[in-house]
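All remarks here apply to the structure that follows.
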């Protein structure tokens with residue numbers, strides 16, 4: 073991921089929520105939107121005719137995602153909601169292809185102000201951190 077830059081924008085009047093701040097900081101740390109994976113068409117369908125035209129670029133796939141060996145994480149804090157950037161908010165812009173996944177579970181971790189285990193594993197993979205042991209209280213306190 074070295075050499076790549078991402079602009080982070082936080083409008084504190086509109087989006088100063090835990091989920092938004094963590095989502096944007098995870099971009100800084102190297103995570104991309106889950107639905108931007110090159111293999112995303114295996115997991116979700118984009119309803120292009122319901123996407124607001126100026127936001128269609130937000131749904132483009134990228135080959136820059138370095139963690140394709142990870143399971144697709146429908147609930148990731150990095151996944152858009154089912155109706156993100158929709159012309160009609162009652163209609164989906166993203167539909168899971170797996171019938172066991174409910175629309176409202178897309179981006180569930182964002183709504184619940186948490187990261188998923190897959191989100192955490194991706195960060196550990198990017199930064200070559202051990203992933204075979206649980207984090208301890210002492211891990212969060214370094215001088």
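Residue numbers (my numbering): 73 to 215.
By construction, the Cβ of each residue, glycine as well, lies at the ideal position given by its N, Cα and C atoms.
Small disclaimer: the values here were computed from a predicted structure and weren't measured.
Contact between residue 166 and residue 118 holds: their C-beta atoms lie close to 6 Å from each other, under 8 Å. Look at residue 136 here: in three-state DSSP terms it is coil, with no helix or strand label.
Within the segment 126-210, complete alpha helix (DSSP H) segments of at least 4 residues are found at 180-183 and 189-198, given in chain order. Of the residues 182, 143 and 128, the one whose Cα lies closest to the Cα of residue 157 is 128. Under a 10 Å Cβ-count criterion, residue 176 is classified as exposed, with fewer than 16 other Cβ atoms of the shown protein chains found around its own Cβ.
For the pair residue 149 and residue 90, the Cα-to-Cα distance works out to about 11 Å. Residue nearest to residue 116 within the set 162, 178, 188 and 97 is 178 (criterion: CA-CA distance).
Here residue 134 is exposed: its Cβ has fewer than 16 other Cβ atoms, across all protein chains shown, within 10 Å. Under the 10 Å beta carbon count, residue 170 is surrounded by fewer than 16 other beta carbons and is classified as exposed. When only Cα atoms are considered, residue 174 and residue 164 end up about 12 Å apart. For residue 114 against residue 137, the beta-carbon gap comes to about 13 Å, at or over 8 Å, which does not count as contact.
The closest CA to that of residue 198, considering only 94, 99 and 112, is found on 99. Distance from the Cα of residue 93 is smallest, within the candidate group 202, 193 and 181, for 181. In the displayed model, residue 119 falls within coil according to three-state DSSP, outside both helix and strand. By the neighbour-count criterion, in which a residue is buried when 16 or more other Cβ atoms sit within 10 angstroms of its Cβ, residue 160 is exposed.
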